[in-house]
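Taking it in order: structure first as structure tokens, then the write-up.
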Amino acid sequence: MLKRSLGLLLVTLFTFTLTSCNKSAPPFMVYIPKNTGNPYFDPMVDGFAQAAKEANVSFEQVAPATADATSQLPLIEAQVQRGVKVIAISPNSPDALNETFKEAMAKGVTVICVDSDLTGNEKYRTAGVLPTDPEMVGRGQIELLGSLIDYKGKIAILSATTDAPNQNEWIKWMKEALKDAKYKDMQLVDVVYGDDQPEKSTTEAQALLTKYPDLKGIISPTTVGVAACAQVVESANKASQIAVTGLGTPNQMRRFVTDGTVKAFALWSPKDEGYVAGNLGIALANGKVKPEAGAKFTAGTMGERTFRDKGVVITGPPVAFTKDNIDQFHF
Amino acid sequence: MKAILRRPEIITLLLLLIAFGISAVGTPSFLDARYLLKISSPHMEIGVMALAMTFVIISGNIDLSVASGLALIVVCSARLFEAGVPMQWVMVLAILMGIILGLFNGLLITKLGLPSLTVTLGTLALYRGLAQRLLGDRSIGNFPSWFVRVDNVKAFGLIPAPLIIFLVLALIFGIILHKMVFGRCVYAIGTNEPGARFSGLQVDRAKLSIFVLSGLMMAVGALMMMSRLAIARFDHAPGYELSVITAVVLGGTDIFGGRGSIIGTVLALFLLMIVQQGMILQGISAETQLTVTGSLLVVSVILANLTGKLSTRTPAPKRPAANPSGGELKHA
Numbered sequence: 345m346l347k348r349s350l351g352l353l354l355v356t357l358f359t360f361t362l363t364s365c366n367k368s369a370p371p372f373m374v375y376i377p378k379n380t381g382n383p384y385f386d387p388m389v390d391g392f393a394q395a396a397k398e399a400n401v402s403f404e405q406v407a408p409a410t411a412d413a414t415s416q417l418p419l420i421e422a423q424v425q426r427g428v429k430v431i432a433i434s435p436n437s438p439d440a441l442n443e444t445f446k447e448a449m450a451k452g453v454t455v456i457c458v459d460s461d462l463t464g465n466e467k468y469r470t471a472g473v474l475p476t477d478p479e480m481v482g483r484g485q486i487e488l489l490g491s492l493i494d495y496k497g498k499i500a501i502l503s504a505t506t507d508a509p510n511q512n513e514w515i516k517w518m519k520e521a522l523k524d525a526k527y528k529d530m531q532l533v534d535v536v537y538g539d540d541q542p543e544k545s546t547t548e549a550q551a552l553l554t555k556y557p558d559l560k561g562i563i564s565p566t567t568v569g570v571a572a573c574a575q576v577v578e579s580a581n582k583a584s585q586i587a588v589t590g591l592g593t594p595n596q597m598r599r600f601v602t603d604g605t606v607k608a609f610a611l612w613s614p615k616d617e618g619y620v621a622g623n624l625g626i627a628l629a630n631g632k633v634k635p636e637a638g639a640k641f642t643a644g645t646m647g648e649r650t651f652r653d654k655g656v657v658i659t660g661p662p663v664a665f666t667k668d669n670i671d672q673f674h675f
Numbered sequence: 008m009k010a011i012l013r014r015p016e017i018i019t020l021l022l023l024l025i026a027f028g029i030s031a032v033g034t035p036s037f038l039d040a041r042y043l044l045k046i047s048s049p050h051m052e053i054g055v056m057a058l059a060m061t062f063v064i065i066s067g068n069i070d071l072s073v074a075s076g077l078a079l080i081v082v083c084s085a086r087l088f089e090a091g092v093p094m095q096w097v098m099v100l101a102i103l104m105g106i107i108l109g110l111f112n113g114l115l116i117t118k119l120g121l122p123s124l125t126v127t128l129g130t131l132a133l134y135r136g137l138a139q140r141l142l143g144d145r146s147i148g149n150f151p152s153w154f155v156r157v158d159n160v161k162a163f164g165l166i167p168a169p170l171i172i173f174l175v176l177a178l179i180f181g182i183i184l185h186k187m188v189f190g191r192c193v194y195a196i197g198t199n200e201p202g203a204r205f206s207g208l209q210v211d212r213a214k215l216s217i218f219v220l221s222g223l224m225m226a227v228g229a230l231m232m233m234s235r236l237a238i239a240r241f242d243h244a245p246g247y248e249l250s251v252i253t254a255v256v257l258g259g260t261d262i263f264g265g266r267g268s269i270i271g272t273v274l275a276l277f278l279l280m281i282v283q284q285g286m287i288l289q290g291i292s293a294e295t296q297l298t299v300t301g302s303l304l305v306v307s308v309i310l311a312n313l314t315g316k317l318s319t320r321t322p323a324p325k326r327p328a329a330n331p332s333g334g335e336l337k338h339a
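As given, the protein sequences belong to chains A and B, one line each in that order. If you're matching positions, the first sequence starts at 345 in my numbering and goes up one per residue. If you're matching positions, the second sequence starts at 8 in my numbering and goes up one per residue.
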């Protein structure tokens with residue numbers, strides 16, 4: 345009998361745990377990241393929260409336990425049922441959620457895809473917010489390196505594989521940018537490929553140093569490459585002579601930035617992305633803007649943004665990470 | 008009355024009522040029959056597989072390959088459709104594929120005498136791996152409109168088709184398990200397999216049938232999921248084998264076999280559905296949801312064990328003290 349009462353006690357406890365989480369009115373906006381416990385999305389949530397706070401609307405985030413194609417589906421349905429106005433989501437699949445999105449939109453919910461879009465299925469969401477575009481990355485990298493070497497001297501690029509579409513697109517825009525009079529004293533001497541393998545990237549970076557003794561800077565627009573370049577320059581004790589920059593994640597590059605080997609590198613800022621998407625969601629739900637190519641809206645303190653084709657909004661140029669701000673980022 | 012209270016399903020029923028009450032009090036939007044019926048559809052895919060799994064577990068076996076098998080059937084069906092086979096034929100072939108997958112499991116288990124745990128652990132990986140080989144990371148869609156969204160087909164404009172399919176199947180499975188000779192045979196195998204064999208029961212044939220049944224339900228689940236999502240992918244139903252087994256065990260079926268019921272599985276399925284949806288609606292984090300579902304299972308197993316002991320203890324006061332732990336004997 346004692347054991348039985350114990351069981352009943354457990355059930356009662358369980359009951360109380362559930363009731364204590366009681367929430368009342370639905371929030372105005374909800375953000376659903378790919379999965380819980382993924383630090384990349386934490387700054388994004390902060391961006392949304394800031395946008396919601398500035399617009400004085402309520403905001404919540406809910407995340408599925410795993411990032412599989414349909415794990416977000418029950419969460420979307422529940423949010424629609426609760427009566428939220430805006431669902432912002434980083435979808436785990438470009439098509440598995442179509443039917444659910446369709447129903448949500450039919451009920452008047454604004455659906456915004458953030459960070460990754462429903463490529464080819466754009467009609468199933470209201471708008472999409474993407475981190476950046478190839479032109480902004482390419483031009484941004486040249487400007488960043490230029491600012492580190494006084495816009496003078498020989499530079500090289502260490503890419504991933506020769507056929508990586510995004511890499512080639514970025515390099516194309518870097519070459520385009522170099523035609524600008526501002527960069528006339530910067531000379532691109534070589535483009536090499538480290539295949540996104542640490543060993544090959546290291547060898548290629550060492551070869552660059554040997555081949556061009558007066559090299560001033562290296563751009564490596566890939567996380568593996570930029571870390572390898574930093575390591576090579578640090579080992580060769582040439583950090584004062586050669587500037588390394590590129591695209592990397594703060595966690596991976598923190599050591600090199602802290603010890604001064606790398607002055608600055610870039611990547612899109614998830615926080616800015618969340619902030620732009622949050623502002624966009626609120627503006628769309630309040631009918632202040634329509635997702636048509638060329639339409640403009642104000643993304644709070646970040647200024648005006650313009651819709652591109654298929655309701656896509658670009659967050660902005662990549663953000664530079666330096667000794668001063670790197671400690672704010674943890675992904 | 009006492010006999011009713013001693014049934015393990017009674018705990019599931021009690022928990023179901025409690026969970027329903029809490030969810031209703033916690034979130035006003037929960038008490039919307041249309042919503043509850045609407046969100047039932049994905050759970051019914053787990054449900055149909057749980058019906059067959061009840062047979063599998065009562066017979067003292069396990070089938071870990073159900074979710075992978077479902078994914079493989081989804082992928083093969085979609086490839087056939089892509090190759091130009093009409094959807095009606097794809098559906099027939101899907102059912103056939105389910106039977107084949109179940110037969111494969113069953114033959115390995117009965118002909119080679121391998122434990123079902125090992126065999127289906129292998130096919131769990133094998134079926135999923137094949138599915139991924141066949142389709143890779145892409146999806147196949149554009150199914151004919153009569154095929155997609157079975158969950159939007161509603162009886163009386165309210166009850167979605169998957170729920171009806173599940174309830175009808177539950178009734179059939181219930182009759183087979185509880186009223187027919189085959190059902191008694193399933194219990195006999197789970198209680199004492201050598202005994203059943205010596206009593207002249209066709210144990211191997213019954214086991215083969217049980218696994219074919221499980222494969223058949225993979226196919227039914229596969230078609231329901233493909234129709235609901237209007238898309239086929241290799242990673243459909245990820246890790247659902249555990250949800251299926253959870254529903255069966257939560258419903259009072261003994262994981263060692265010999266004990267359990269269809270009504271228990273049905274109640275447990277609804278319990279899991281109510282608890283999960285209640286928590287999602289209240290915005291409870293994924294981690295907490297896992298914790299609650301886990302605790303639920305542990306609590307119910309403890310309670311079922313207690314009532315189980317109670318029921319073996321009460322009617323046998325004259326039994327010698329040699330076997331104080333009741334049910335232990337049959338596992339030996």
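Where a beta carbon is used, it is the ideal one built from N, C-alpha and C, also for glycine. Just so we're clear, the structure is a prediction, and the values are computed from it rather than from any experiment.
Is residue j closer than 9 angstroms to residue i when the C-beta atoms are compared?
i	j	result
B:A259	B:A311	It should be pointed out that residue 259 of chain B corresponds to Gly in this sequence rather than to Ala. It is a contact, given that the beta carbons lie within the stated cut-off.
B:A195	B:T272	no
A:F385	A:A621	no
B:P151	B:M231	no
A:V455	A:L624	no
A:K634	A:T650	no
A:K378	A:P408	yes
B:M225	B:L124	no
A:P435	A:S460	yes
B:L79	B:L23	no
A:V568	A:S545	yes
A:E548	A:G561	no
A:S584	A:T659	no
B:M60	B:A244	no
B:L274	B:T34	no
B:I252	B:I64	yes
For residue i, return the contacting residues in chain A, with the cut-off set at a CB-CB distance below 8 angstroms.
i	result
B:L230	Simply none; closest approach about 16 angstroms.
B:I102	Near B:I102 there are no residues of chain A at all, since even the closest Cβ is about 23 angstroms away, more than 8 angstroms.
B:S292	T380, V406, A407
B:A237	N442, E443
B:D242	D412, A413
B:L297	A409
B:R156	E443
Taking 8 angstroms as the cut-off, is the beta-carbon of residue i closer than that to any non-hydrogen atom of the ligand GDP?
i	result
A:P594	Ligands are entirely absent from the displayed structure, and the ligand GDP is therefore not among its contents.
How would you list, in chain order, the residues of chain B whose beta-carbon sits under 9 angstroms from the beta-carbon of residue i?
i	result
A:D540	The contacting residues do not exist; A:D540 stays about 19 angstroms from chain B at best.
A:G427	S36
A:T410	P245, G246, A293
Which residue from the options puts its Cα closest to that of residue i?
i	options	result
A:G647	A:A525, A:D616, A:N465, A:L441	A:D616
A:I626	A:M597, A:S402, A:N382	A:S402
B:N159	B:S292, B:S36, B:I46	B:I46
A:G618	A:W514, A:A395, A:N400	A:A395
A:T470	A:M480, A:G482, A:A448	A:A448
B:V73	B:F88, B:N112, B:A40, B:Q95	B:N112
A:K528	A:D494, A:P387, A:P557, A:L553	A:D494
B:I238	A:V453, A:N442, A:I562	A:N442
A:V389	A:E398, A:V374, A:K519, A:N400	A:V374
A:T463	A:F673, A:G655, A:A664	A:G655
B:F180	B:G285, B:S268, B:S66	B:S268
B:I102	B:S30, B:F88, B:S84	B:S84
B:E89	B:P49, B:I147, B:V81, B:A57	B:I147
B:S416	B:V82, B:R135, B:I53	Because residue 416 of chain B is not part of the residues shown, which for chain B are 8 to 339, the question remains open.
A:Q550	A:P565, A:A571, A:L532, A:Q531	A:A571
Could you tell me which chain A residues have their CB closer than 9 angstroms to the CB of residue i, listed as they occur along the chain?
i	result
B:S146	A413, S437, P438, D439, A440
B:D39	Q425
Along chain B, in chain order, which residues have C-beta atoms closer than 8 angstroms to that of residue i?
i	result
A:P418	I46, P49, Q283, Q284, I287
Going by DSSP, name the residue or residues bridged to residue i.
i	result
A:Q405	A:Y375
A:T666	A:A608
B:G113	Looking at the DSSP assignment, B:G113 forms no beta bridge with any residue, so it has no partner.
A:A432	A:Y375, A:I456
For a contact defined as C-beta to C-beta under 7 angstroms, what are the partners of residue i on chain B?
i	result
A:E421	I46
Exercise for the section: List in chain order: all unbroken alpha helix (DSSP H) runs of 4+ residues lying wholly within the segment 497–573 of chain A. Expected result: 509–522, 542–555
Exercise for the section: Pick out the complete alpha helix (DSSP H) segments inside the segment 579–648 of chain A, 4 residues or longer, and give them in chain order. Expected result: 594–602, 614–629
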